[in-house]
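Chemist: Got a structure for you, written out below as structure tokens; questions coming shortly.
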Amino acid sequence: MVVINDGSMKDRVVRWCTSDIFGCCSCMLFETVGIPYRHIILAARGEKLEELPLAYILKRFEIRCKRERVYDEEGNLLDEKPIDANEVESWKKISTVRNKVEDLIQQAKGSKEGMDFLVSSVMNIEASLAHILPTTVQTRRDEYEGFIGCQIPDQINIHPPTDVLSKGRSKRIKKSKELPKSRKRKNANQEAPSQ
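Numbering of the sequence shown is given in full-length UniProt numbering, commencing with residue 1 and proceeding in unit increments.
This is how it looks when you write it as structure tokens:
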């Protein structure tokens with residue numbers, strides 16, 4: 001248990017568990033907001049930790065937080081509305097391949113032989129995919145049409161504006177504050193009060 005006084009009115013109490021390498025602070029900011037606050041970081045420094053424990057690194061702080069799609073228990077996609085079932089399956093496969101390749105890069109990053117083997121393996125995969133898939137080159141126009149969802153016309157007819165027969169210069173439309181206010185006029189026909 002560590003008591004931290006950081007100049008505020010309250011002393012913060014950090015309970016640090018050495019077996020789990022996890023601490024709970026009385027400010028409860030990590031539990032509520034999800035940010036490892038300075039009280040916990042000071043307690044971790046007091047325990048001579050070089051890195052922040054993995055329990056404090058949330059999924060939103062990781063590199064590939066946006067690459068993974070969110071599914072419920074039945075495997076339905078929660079983030080976006082898929083077009084069809086085949087697209088959902090392809091999204092799942094793309095997500096697993098990206099994650100696996102990212103893990104392999106992290107593993108092989110430490111050694112030169114590992115990186116050389118990874119590069120040669122990826123090049124072999126590329127060569128084998130070139131034999132399996134047809135070699136169709138997608139033009140930029142096809143790519144745009146696929147993105148938009150409709151065909152781009154070859155010829156566009158622009159209708160010129162009709163001539164306007166207005167005389168003088170155009171005037172600005174005044175705001176309601178700028179318009180003259182109507183004044184109440186005294187009725188001349190009213191009789192003066194009798195004395």
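Glycine residues also receive a C-beta, built at the ideal position from the N, C-alpha and C atoms.
Measuring alpha carbon to alpha carbon, tell me which of LYS92, VAL88 and SER121 ends up nearest residue 198.
Modeler: Residue 198 lies beyond the range of the chain shown here (1 to 195); nothing can be said about it.
Chemist: Please state the DSSP three-state secondary structure of VAL119.
Modeler: One-based indexing of the sequence shown puts residue 119 at position 119. The answer is helix: DSSP assigns VAL119 an H, G or I state.
Chemist: Considering only residues of the same chain and omitting the five flanking positions on each side of PHE117, which have a CB-CB separation below 8 Å?
Modeler: As a working mapping, residue 117 is identified with position 117 in the sequence shown. Excluding residues within five positions, the ones whose Cβ falls inside 8 Å are ALA108.
Chemist: Is it the case that the Cβ atoms of ILE35 and VAL14 are separated by a distance below 8 Å?
Modeler: Along the sequence shown, one-based indexing puts residue 35 at 35. Along the sequence shown, one-based indexing puts residue 14 at 14. In this structure, VAL14 does not lie closer than 8 Å to ILE35 by Cβ.
Chemist: Would ARG12 and CYS27 qualify as a contact pair, given that the criterion is a beta-carbon distance under 8 Å?
Modeler: To locate residue 12, count along the sequence shown from 1; it is residue 12. To locate residue 27, count along the sequence shown from 1; it is residue 27. Yes, Cβ-Cβ distance for ARG12 and CYS27 is below 8 Å.
Chemist: List the whole-angstrom C-beta distance separating GLU50 from TRP16, where the pair is believed to meet the contact cut-off of C-beta under 8 Å.
Modeler: As a working note, residue 50 is residue 50 in the sequence shown. As a working note, residue 16 is residue 16 in the sequence shown. That pair is no contact at about 16 Å.
Chemist: ILE94 lies in the alpha helix (DSSP H); which residues open and close that run?
Modeler: Taking the sequence shown and counting its residues from 1, the one referred to as residue 94 is at position 94. Taken as a continuous stretch (DSSP letters only), the alpha helix (DSSP H) holding ILE94 covers 85-108.
Chemist: In terms of residue numbering, what span does the alpha helix (DSSP H) encompassing GLU143 cover?
Modeler: Translated into the one-based positions of the sequence shown, residue 143 becomes position 143. It spans 140-148 - the alpha helix (DSSP H) in which GLU143 sits, taken as one unbroken run.
Chemist: Kindly examine the ligand PLP and report whether one of its heavy atoms sits closer than 7 Å to the Cβ of PHE147.
Modeler: As far as ligands go, the structure on display features none, and thus does not contain the ligand PLP.
Chemist: Is ASN157 helix, strand or coil by DSSP?
Modeler: Residue 157 sits at position 157 when you count from the first residue of the sequence shown. ASN157 falls in the coil class under three-state DSSP.
Chemist: Measuring CB to CB, does ILE152 end up less than 8 Å from GLU145?
Modeler: Taking the first residue of the sequence shown as position 1, residue 152 is located at position 152. Taking the first residue of the sequence shown as position 1, residue 145 is located at position 145. Result yes, Cβ atoms of ILE152 and GLU145 sit closer than 8 Å.
Chemist: Please state the DSSP three-state secondary structure of LEU179.
Modeler: What you label residue 179 is simply residue 179 of the sequence shown in a count that begins at 1. Coil.
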